[in-house]
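In the numbering used here, the protein residues as written are 31 to 262. Take a look at the structure below.
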Ligand code: CA
């Protein structure tokens with residue numbers, strides 16, 4: 031069955047061109063042109079992913095995102111204008127998975143759609159995946175072993191989970207909120223220092239130079255991003 035994408039965008043020209051390209055790539059596309067319809071379609075049609083414009087009539091993209099996150103973990107990619115940087119951060123904090131800045135190339139958007147869907151699959155398979163390779167890091171999830179190059183690295187459970195989650199989300203920002211909810215099963219307001227400490231320990235173990243990390247990058251105010259040399 032084709033993956034179903036809900037596109038919530040009020041600019042008809044953008045909506046038409048994105049829809050056309052997604053359909054050409056084999057996706058099934060449902061469209062909505064304002065926030066209220068978008069929310070209704072999300073609830074009724076249960077899409078595999080939502081592309082959500084932030085500036086929408088009737089109900090803003092942020093409001094749609096906030097409402098959806100209370101009831102669903104459906105992947106969300108925001109469409110934002112360059113000037114909407116604050117909204118972008120808020121959107122990621124509300125639980126959007128990624129964003130694309132307008133004007134964007136449809137090709138770039140489709141690449142993000144695929145990456146976000148892959149990650150959603152990866153998260154579902156998290157417990158069954160046997161090993162994960164990223165650059166010269168190999169994460170053996172069955173035996174809970176990590177090797178960096180030739181070196182075997184021992185990680186405590188939380189650091190192991192943290193690395194696994196970041197590596198699965200490779201190339202994309204993972205918000206602090208998401209890490210807290212997934213790994214600690216708690217709200218980030220509980221203790222924000224915990225995450226920084228674990229990231230520091232993790233870097234000391236896997237990075238050649240922890241003060242200038244090549245794998246785990248800080249995205250100020252938002253979270254962390256895992257990359258390898260192949261991603262640059
Ligand atoms: Ca708009």
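No residue lacks a Cβ here, since even glycine has one placed at the ideal position from N, Cα and C.
Option in the options with minimal Cα separation from residue i
| i | options | result |
| --- | --- | --- |
| residue 236 | 255, 185, 209 | 185 |
| residue 94 | 251, 121, 209, 116 | 121 |
| residue 53 | 215, 63, 37 | 37 |
| residue 110 | 148, 134, 100, 125 | 134 |
| residue 145 | 100, 125, 201 | 201 |
| residue 119 | 203, 173, 170 | 203 |
| residue 254 | 211, 212, 199 | 199 |
| residue 105 | 113, 117, 125, 112 | 125 |
| residue 62 | 55, 50, 39 | 39 |
| residue 250 | 115, 214, 211 | 115 |
8 Å contact criterion, which residue i and residue j should meet: CB distance rounded
| i | j | result |
| --- | --- | --- |
| residue 60 | residue 71 | 6 Å |
| residue 79 | residue 64 | In fact, because the Cβ distance is near 19 Å, the residues do not count as touching under 8 Å. |
| residue 194 | residue 162 | 7 Å |
| residue 107 | residue 69 | So it is not a contact: roughly 16 Å between Cβ atoms. |
| residue 48 | residue 136 | 6 Å |
| residue 74 | residue 32 | Not confirmed; about 18 Å, so no contact. |
| residue 178 | residue 167 | 5 Å |
Whether residue i touches residue j by CB criterion (8 Å)
| i | j | result |
| --- | --- | --- |
| residue 140 | residue 77 | no |
| residue 228 | residue 192 | yes |
| residue 84 | residue 91 | yes |
| residue 248 | residue 165 | no |
| residue 232 | residue 209 | no |
| residue 234 | residue 123 | no |
| residue 142 | residue 151 | no |
| residue 196 | residue 256 | yes |
Sheet register partners of residue i (DSSP bridge)
| i | result |
| --- | --- |
| residue 282 | No answer is possible for residue 282: it lies beyond the span of the chain, which begins at 31 and ends at 262. |
| residue 63 | For residue 63, which the question treats as bridged, DSSP gives no partner whatsoever. |
| residue 83 | 109 |
| residue 254 | 204, 248 |
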